[in-house]
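Undergrad:
Protein chains: 2
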Amino acid sequence: MDFSSKLLEQAVDEMSQLPGIGKRTALRLVLHLLKQPEAQTEQLAAALTKLRTEIKLCSNCFNISDTELCEICSNPNRISEIVCVVEDIRDVMAIENTGQYRGHYHVLGGKISPMDGIGPSQLSIKPLVEKVKAGKVEEIIFALSSTLEGDTTNFYIFKQLEGTGIKTSTIARGISVGDELEYADEVTLGRSITNRVPFENSMKN
Amino acid sequence: MDFSSKLLEQAVDEMSQLPGIGKRTALRLVLHLLKQPEAQTEQLAAALTKLRTEIKLCSNCFNISDTELCEICSNPNRISEIVCVVEDIRDVMAIENTGQYRGHYHVLGGKISPMDGIGPSQLSIKPLVEKVKAGKVEEIIFALSSTLEGDTTNFYIFKQLEGTGIKTSTIARGISVGDELEYADEVTLGRSITNRVPFENSMKN
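Chains as they are written, first to last, in the numbering used here: chain A, 8 to 212; chain B, 8 to 212.
1) Is any heavy atom in the ligand NAD found nearer than 6 Å to the beta carbon of V184 of chain A?
2) On the DSSP bridge list, what partners appear for H113 of chain B?
3) Which class does T201 of chain B belong to by DSSP, given the choice of helix, strand or coil?
4) When you compare only the Cα positions, how much space is there between R203 of chain B and A46 of chain B?
5) Based on the DSSP secondary-structure assignment, which residues constitute the bridge partners of I71 of chain B?
6) In the DSSP assignment, what residue or residues form a beta bridge with K138 of chain A?
7) Tell me which residues share the same chain as N67 of chain A and place their Cβ nearer than 7 Å to its Cβ, disregarding the 5 neighbours each side in the sequence.
8) So the candidates are A:L130, A:R59, A:I132 and A:F149; which of them puts its Cα closest to the Cα of E16 of chain B?
9) In this structure, how does DSSP classify F10 of chain B when only helix, strand and coil are distinguished?
10) How would you write the range of the beta strand (DSSP E) that K174 of chain A sits in, first residue to last?
11) Where do the N-terminal and C-terminal ends of the beta strand (DSSP E) with E146 of chain B fall, by residue?
12) Using beta carbons (cut-off 7 Å, strictly below), is A191 of chain A in contact with chain B?
13) Does L130 of chain B get closer than 7 Å to chain A when you measure Cβ to Cβ?
14) When burial is assigned at 16 or more other CB atoms within 10 Å of the CB, is T105 of chain B buried or exposed?
15) Who pairs with I86 of chain A in a beta bridge, going by DSSP?
16) Is it buried or exposed, G116 of chain A, if we count other Cβ atoms within 10 angstroms and call 16 or more buried?
17) Of the residues that make up the segment 90–106 of chain A, which ones have a beta carbon closer than 8 Å to any beta carbon in chain C?
18) Quick one: what's got a C-beta closer than 8 Å to Y190 of chain A's C-beta in the same chain, skipping five residues either side?
19) Output the distance between the C-alpha atoms of E145 of chain A and I173 of chain A, rounded to the nearest integer angstrom.
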């Protein structure tokens with residue numbers, strides 16, 4: 008792309024570094040900003056800068072937070088003895104939206120993925136193991152994506168926790184509610200048969 | 008969406024004001040920025056702010072430019088007597104990419120669209136008419152989108168230019184190169200028959 012303006016080119020270049028945004032989309036977004044009042048661009052730039060410089064990670068669960076201890080960890084009504092291990096804040100938001108979980112979280116910040124150069128030391132696995140060894144946790148629920156990386160991460164943490172006698176579980180894998188059986192893949196269907204639940208339980212929700 | 012952080016919520020809110028970016032995408036983009044070095048966010052914010060505050064419109068053609076007169080208008084090799092009227096900088100870039108045009112441009116900054124509250128006074132139509140009346144232009148080429156708004160804008164400008172005796176033309180409408188005839192719509196096909204060109208001309212490119 009040939010730009011008539013260096014300023015425009017720079018803005019488009021920076022914008023197109025975002026995932027899923029190519030040069031054309033970046034140009035569309037930047038031209039949109041140019042048509043809007045100057046305040047909108049200022050607010051966007053300020054919000055991004057402020058977020059990047061002032062955001063904290065909760066010292067207990069490593070969730071994104073404005074304060075030293077996040078809202079969930081500082082809520083006395085939550086059960087701190089049950090810890091749900093998730094990848095990032097989006098998973099926390101998804102589980103919170105169900106309204107079914109009253110325990111704490113532990114945000115790893117990613118999954119073990121040698122292909123992307125992410126090893127266990129880059130994730131907050133050590134603090135989790137220490138929390139368990141300090142005897143503060145009764146149950147760990149693994150809620151990572153059901154992918155190779157997710158399973159590897161689960162297994163790595165499971166191995167680290169060996170000998171602590173802690174209760175571990177993973178969220179149930181099975182056919183999505185509302186899904187047709189014939190379109191389910193074999194692995195999911197297989198697991199959903201192996202891990203079948205008493206019929207009474209299925210009526211609880 | 009329930010956010011655990013006000014800073015995060017603000018950044019997502021601002022980001023989701025951009026066209027085609029919903030809350031979920033905004034969250035994904037913002038979380039991506041959080042994982043990248045702080046410098047990337049700073050550069051993005053700085054580029055946007057700089058663009059919005061320092062960008063100029065070329066005083067002759069109203070194209071986006073870093074200087075008082077844009078690169079095209081200040082190029083002595085371009086034919087200033089032919090002016091191609093376009094909607095915005097993207098159209099300038101598209102026509103420049105063809106390498107077929109050596110004249111000047113006039114960027115309107117939009118199309119007349121009562122539905123969006125855009126009237127002739129919000130576009131740079133007056134300076135174009137003045138330029139023509141000053142006798143500096145020999146031919147006007149209308150290159151707006153072939154929509155109701157585009158045609159309305161063309162016609163409005165055409166009416167404003169009445170009596171000046173200026174030569175006006177529009178870019179050719181017809182079947183796209185490489186397109187199957189049977190899938191073309193009737194209006195396009197009809198126009199391409201009415202405005203047929205001598206066969207020798209079609210072999211020039």
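The beta carbon of each residue, even a glycine, is placed where N, CA and C say it ideally should be.
TA: Taking the geometry as given:
1) By its list of ligands, the structure shown contains no ligand whatsoever, and the ligand NAD lies outside what it can speak to.
2) Counted from its first residue, the second sequence places residue 113 of chain B at position 106. According to DSSP, residue pairing for H113 of chain B in a beta bridge involves B:V92.
3) Start at 1 with the first residue of the second sequence, and residue 201 of chain B comes out as number 194. It is helical.
4) Here residue 203 of chain B corresponds to residue number 196 of the second sequence, with the count starting at 1. Here residue 46 of chain B corresponds to residue number 39 of the second sequence, with the count starting at 1. C-alpha separation (whole angstroms): 56 Å.
5) Along the second sequence, one-based indexing puts residue 71 of chain B at 64. Its beta-bridge partners are B:L64.
6) Reading the first sequence from its first residue, position 131 is the one you call residue 138 of chain A. Partner(s): none; K138 of chain A has no beta bridge.
7) Position 60 of the first sequence, counted from the first residue, corresponds to residue 67 of chain A. Correct list, in chain order: L76 and C80.
8) Here the question's residue 16 of chain B lines up with position 9 in the second sequence. Comparing Cα positions, the closest option is A:R59.
9) Working through the second sequence from its first residue, we reach residue 10 of chain B at position 3. The answer is coil: DSSP assigns F10 of chain B none of H, G, I, E or B.
10) Locating residue 174 of chain A in the first sequence gives position 167, where the first residue counts as 1. First-last of the beta strand (DSSP E) with K174 of chain A: K174 to T177.
11) Here residue 146 of chain B refers to the residue found at position 139 of the second sequence. That run of the beta strand (DSSP E) goes E146 to F149.
12) For the purposes of this step, residue 191 of chain A is taken as residue 184 along the first sequence, with counting starting at 1. So, not an interface residue.
13) Within the second sequence, residue 130 of chain B is the residue found at index 123, counting from 1. For L130 of chain B, not one C-beta of chain A is nearer than 7 Å to its own C-beta.
14) Locating residue 105 of chain B in the second sequence gives position 98, where the first residue counts as 1. When all chains shown are included, T105 of chain B counts as exposed.
15) Along the first sequence, one-based indexing puts residue 86 of chain A at 79. Note: I86 of chain A sits in a beta bridge opposite A:G110.
16) Here residue 116 of chain A corresponds to residue number 109 of the first sequence, with the count starting at 1. Per the 10 Å Cβ criterion, buried.
17) Structure shown: chain C not included; protein chains present are A and B.
18) Taking the first residue of the first sequence as position 1, residue 190 of chain A is located at position 183. If the five residues before and after Y190 of chain A are omitted, its C-beta is found closer than 8 Å to no C-beta atom of its own chain.
19) Position 138 of the first sequence holds residue 145 of chain A. Position 166 of the first sequence holds residue 173 of chain A. Cα-Cα distance, rounded: 6 Å.
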